[in-house]
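Worksheet: the structure to be examined is printed underneath.
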Amino acid sequence: MNAALGTTLRFMWRLICYRPILYTANALFWAGVHLFPLLPGLVIQQFFDTLIGTASWSLGASSLAMLLMAIAVVRIVNIYCGAITDTIHRFSMSALLRRNMLQQILRQPAAAAIPCSPGEALTQFRDDADQAESAISWTLDLIGKVLFAAVAIMILMQIHVQITCFVFLPIVLVVSLTQMAAKRLQSYRTVSREATGKVTGMVGEMFDSVQTIQLAGAQERVINRFRDLNRQRRKAVLKDRLFTLLLDSVFSNIVNVGTGLILLLGATSMQRSELTIGDFALFVYYLTFVTDFTKFFGNFLSVIQQSGISFKRMNELLQGAPSALLTEHHPLHLKGEIPAAAESKNGPDSPFDTLTVSGLTYRYPSNGRGIEDISFELRRGSFTIITGRIGSGKTTLVRSVLGLLPLQAGDIRWNQELVTNPDTFFMPPVCSYTSQVPNLFSDTLLNNILLGLPRDEDRLDKAIHTAVMEKDLVSLELGLETLIGQKGVKLSGGQIQRTAAARMLIRETELLVFDDLSSALDVATEQLLWARIRQMPNKTCLVISNSKAALRQADHIIVMKEGGIVSQGKLSDLLAHCAEMRLLWNDTN
Ligand SMILES: Nc1ncnc2c1ncn2[C@@H]1O[C@H](COP(=O)(O)OP(=O)(O)OP(=O)(O)O)[C@@H](O)[C@H]1O
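Per full-length UniProt numbering: the sequence shown = residues 1 to 589.
Structural data, given as structure tokens:
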């Protein structure tokens with residue numbers, strides 16, 4: 001067994017162990033579903049033997065119909081129960097995988113939460129988890145089909161060993177070989193799809209560039225190229241079609257070939273009374289199922305292979321955490337009340353006094369850019385601005401302090417105490433933060449501000465007033481109940497930023513961190529906003545901004561350039577001594 005297959009089977013085993021009783025019940029039901037077809041074969045055998053008077057127990061036409069009906073009813077009930085257990089079982093397994101992936105993502109620093117695009121991550125959540133549950137579900141069918149094939153072969157062997165061996169062995173062999181050849185079909189199909197894609201792509205390009213082709217007098221060359229691509233496509237598609245039809249004809253005719261073989265081999269046995277008509281009927285009846293099993297087995301192997309790829313992809317979302325986390329067993333709370341979320345105990349014991357950042361470094365793994373050796377201190381009630389040119393590292397600095405990017409070097413101290421988990425520490429009630437592009441949701445303005453907090457009129461009014469939103473509420477048709485559309489499309493840029501500010505302010509945190517909050521505000525509104533924020537008692541602000549309205553409010557300014565601090569201090573001192581500050585001041589409004 002190769003290592004990849006071993007890993008896939010281990011993953012599958014851990015998933016199976018997650019709901020062992022459900023899996024066993026499911027296995028029993030599906031074994032029943034697959035074994036039931038043995039009975040109609042035996043009943044039909046008796047019926048034919050009754051007709052020629054060789055039956056061990058006699059079976060008339062009406063008894064036959066009733067027996068077959070009874071078997072069908074029991075099988076339907078069996079399938080119904082199997083479908084219920086299978087659905088619950090499948091859902092539990094994929095839900096566990098999704099839960100574990102989500103937990104791991106939430107444990108990552110927010111700005112580096114997923115290593116791929118959101119679209120790819122969604123595919124891993126949806127398709128890869130589905131693929132994994134399918135693989136487990138297929139193991140149940142495998143058990144049932146193996147049992148059927150084993151029992152059927154045993155019954156047939158007891159009737160006639162030679163016919164069983166001479167008919168079933170070659171058929172199983174042919175179907176297995178055909179199944180293996182189907183792998184080659186996949187490569188033919190890929191080549192044919194690529195060739196077709198190239199042709200349609202070229203048609204599109206030609207239509208887009210008719211004028212250019214004419215102007216360049218390139219008609220001849222373009223048509224030759226088009227013919228060339230079509231020739232390649234014709235060859236690839238022909239191979240694909242021929243091979244597909246060949247395999248289809250093997251699969252669809254194999255049962256007929258088998259029946260013919262049984263007839264040929266059975267004729268002399270029947271003459272010698274070694275084989276009855278009923279036995280012949282039984283052979284033909286079981287033939288389809290055994291052939292079907294062989295085909296199923298080939299498909300099962302490719303499902304396992306695909307599941308291996310899915311597990312690997314889901315593992316990538318764990319970003320280096322032990323792969324066992326993916327299948328770690330946890331309750332899913334699918335029934336009854338959902339338990340309340342545990343209160344996060346991230347609040348410090350003593351009131352805020354200082355935040356000290358020393359030697360903070362973060363380099364983006366993709367390009368080595370970022371910030372290097374940053375140190376500064378925030379005092380309670382101060383208003384500190386980080387300023388600098390585009391790309392100087394302001395956002396990276398703030399994100400590193402707040403734990404949205406992983407700490408690579410340096411330390412962060414709150415009241416001189418080391419903050420070991422900044423990502424969970426810098427949350428309300430300690431800190432609130434608005435990124436450069438605030439995230440608003442397609443809901444009412446009110447719900448976007450509260451974002452889960454209980455409504456408290458006093459706090460709400462204060463937050464709206466400080467965020468300078470009182471006039472907007474009058475102008476919006478439904479005030480706070482206005483639906484703001486996806487990402488707040490129905491609001492202006494300034495309204496989006498002030499909604500995000502109100503959302504922060506209502507949380508009444510010790511520390512407020514704004515990343516370029518005022519970029520869409522007019523000067524008067526911005527001045528009012530900073531003035532109102534400054535009037536809030538004992539609030540400490542860390543603000544990324546280049547605007548004069550903000551800089552004028554600052555007690556302390558940190559000037560950044562190329563990922564480092566070039567100078568820090570009061571505005572008047574910086575304007576006197578720091579060339580970079582003067583440059584920024586002269587460049588901004
Ligand atoms: N996700 C990222 N991956 C790789 N490099 C990045 C990433 N984000 C930023 N950078 C690089 O890191 C450096 C600092 O970027 P950062 O966004 O912190 O600067 P900034 O001063 O906040 O810029 P702006 O004023 O445009 O917001 C830049 O060189 C930028 O190109």
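Note that beta-carbon positions come from the ideal geometry of N, C-alpha and C, so glycine has one too.
When DSSP labels each residue in this structure, what does residue i get in the three-state scheme?
i           : result
residue 568 : strand
residue 426 : coil
residue 556 : strand
residue 247 : helix
residue 594 : The displayed coordinates of the chain run from 1 to 589. Any statement about residue 594 would go beyond what the structure contains.
residue 515 : strand
residue 337 : coil
residue 466 : helix
residue 81  : helix
residue 482 : coil
residue 588 : coil
residue 417 : strand
residue 180 : helix
residue 264 : helix
residue 217 : coil
residue 122 : helix
residue 537 : coil
residue 498 : helix
residue 197 : helix
residue 489 : coil
residue 269 : helix
Below 6 Å CB to CB, which residues in the same chain sit around residue i once its five sequence neighbours on both sides are set aside?
i           : result
residue 188 : 239, 240 and 243
residue 39  : 71
residue 580 : 559, 561 and 566
residue 67  : 43
residue 110 : 404
residue 191 : 236
residue 538 : 381
residue 400 : 360 and 362
Using C-beta distances below 7 Å, list every residue in its chain close to residue i, excluding the 5 sequence neighbours before and after it, in chain order.
i           : result
residue 420 : none
residue 208 : none
residue 370 : 362, 363, 364, 393, 396 and 563
residue 318 : 104, 325 and 326
residue 149 : 290 and 293
Considering only DSSP beta bridges, list what residue i is partnered with.
i           : result
residue 370 : 363
residue 358 : 411
residue 384 : 542 and 556
residue 561 : 564
residue 379 : 354
residue 87  : None, per the DSSP bridge assignment.
residue 23  : None; residue 23 has no bridge partner.
residue 432 : 512
residue 444 : 483
Compute the Euclidean distance between the alpha carbons of residue i and residue j, then round it to the nearest angstrom.
i           : j           : result
residue 63  : residue 47  : 9 Å
residue 212 : residue 367 : 39 Å
residue 447 : residue 551 : 32 Å
residue 277 : residue 283 : 10 Å
residue 594 : residue 512 : Only positions 1 to 589 of the chain appear in the structure, and residue 594 is not among them; the question remains open.
residue 440 : residue 81  : 45 Å
residue 121 : residue 429 : 31 Å
residue 250 : residue 339 : 56 Å
residue 376 : residue 114 : 30 Å
residue 51  : residue 268 : 20 Å
residue 452 : residue 354 : 29 Å
residue 260 : residue 290 : 16 Å
residue 502 : residue 575 : 32 Å
residue 221 : residue 406 : 55 Å
residue 166 : residue 257 : 12 Å
residue 548 : residue 478 : 35 Å
residue 125 : residue 116 : 12 Å
residue 203 : residue 185 : 27 Å
residue 287 : residue 255 : 7 Å
residue 24  : residue 483 : 50 Å
Take residue i and list the residues in its own chain whose beta-carbon comes closer than 8 Å to its own, dropping the five residues that flank it on each side.
i           : result
residue 359 : 373, 374, 375, 409, 410 and 411
residue 465 : 532
residue 100 : 325, 326, 327, 328 and 330
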